[in-house]
Amino acid sequence: MIIEDEESIVTLVKYNLEKEGYKVFSNSNGEKALEHIKEIAPDLILLDWMLPNLSGIEICKILKTEKKHKHIPIIMLTAKGEEEDKIRGLNSGADDYITKPFSHKELIARVNALLRRVNPSVSEDIVEYEDLKVDRIERKVFREKKEIKLGPTEFKLLNFLIKNPKRVYSREQLLENIWSDNINVENRTIDVHIRRLRQAININSKKNYIRTVRSAGYALD
Numbered sequence: 549m550i551i552e553d554e555e556s557i558v559t560l561v562k563y564n565l566e567k568e569g570y571k572v573f574s575n576s577n578g579e580k581a582l583e584h585i586k587e588i589a590p591d592l593i594l595l596d597w598m599l600p601n602l603s604g605i606e607i608c609k610i611l612k613t614e615k616k617h618k619h620i621p622i623i624m625l626t627a628k629g630e631e632e633d634k635i636r637g638l639n640s641g642a643d644d645y646i647t648k649p650f651s652h653k654e655l656i657a658r659v660n661a662l663l664r665r666v667n668p669s670v671s672e673d674i675v676e677y678e679d680l681k682v683d684r685i686e687r688k689v690f691r692e693k694k695e696i697k698l699g700p701t702e703f704k705l706l707n708f709l710i711k712n713p714k715r716v717y718s719r720e721q722l723l724e725n726i727w728s729d730n731i732n733v734e735n736r737t738i739d740v741h742i743r744r745l746r747q748a749i750n751i752n753s754k755k756n757y758i759r760t761v762r763s764a765g766y767a768l769d
């Protein structure tokens, strides 16, 4: 998620991140950004210092005191380049600090490095959970070393769920992350694709890897 009120910066950063395969959300308002973070739980936040309503420093401090969100890595983007500003930003909870103007290649490198450090399953080409393996380059899935055929939507679902195994995602979070470009998708559609995914990856196995949590959502567990 990019939290930045300069539209030109948002456009460029979003373009470069999407070229690398990332799904990108953006907010220009600090208070609305906090609400959005609670809805979608992003893997990483690019945060401007100077924002309307809430500053980047205040957002950092709020997130780092919340149990559910304090693990989300934050890279601060700011024109404040003095050493004391960097120290203040890092002390407020930011994991990295980039001054404007910045190189987009360097930004991508720092995003990749930070994600590898805090959550390897987000950025690795091949991710494994128990006897399940997802090859993101060839878009293939294996269970007990046998390839499983998945449709494109089921692959997206599994690829999303495997980033944080055992974490429960609501239907709204799945809608936002898997079907964000289609506002007409209903909750019932999610249930259909989850059922297809469950049937595909659990074939010939006693372990059911898709857990349904009543009134809450789904988890890879």
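Under our numbering, the final residue of the sequence shown carries the number 769; numbering is consecutive throughout. Here a beta-carbon is modelled for each residue, glycine too, at the ideal position from N, C-alpha and C. Every value quoted in this text rests on a predicted model; they were computed, and no experiment measured them.
- Counting along the chain, Asp739 sits inside no beta strand (DSSP E); it lies in the alpha helix (DSSP H) bounded by residues 735 to 749.
- Counting along the chain, Val689 sits inside the beta strand (DSSP E) bounded by residues 688 to 691.
- One Cα belongs to Leu602, the other to His584, and the distance between them is close to 14 Å.
- The beta carbon of Arg684 lies closer than 6 Å to those of Asp673 in the same chain, with the five residues before and after it left out.
- With 16 or more other Cβ atoms inside 10 Å of its own Cβ, Val558 counts as buried.
- Under the DSSP assignment, Lys586 falls in the alpha helix (DSSP H) whose first and last residues are 578 to 588.
- A straight line joining the alpha-carbon of Leu680 with that of Leu599 spans about 43 Å.
- Using a 10 angstroms sphere on the CB of Lys711, the tally of other CB atoms reaches 16 or more, which defines it as buried.
- Here the region 686 to 704 makes contact with the region 744 to 763; the two share three or more CB pairs at distances below 8 Å.
- In this structure, the straight-line span from the alpha carbon of Ile605 to that of Trp597 is close to 6 Å.
- In the structure shown, Ser603 adopts coil according to DSSP, grouped into three states.
- Burial state of Thr626 is buried, judged by a 10 Å Cβ sphere holding 16 or more other Cβ atoms.
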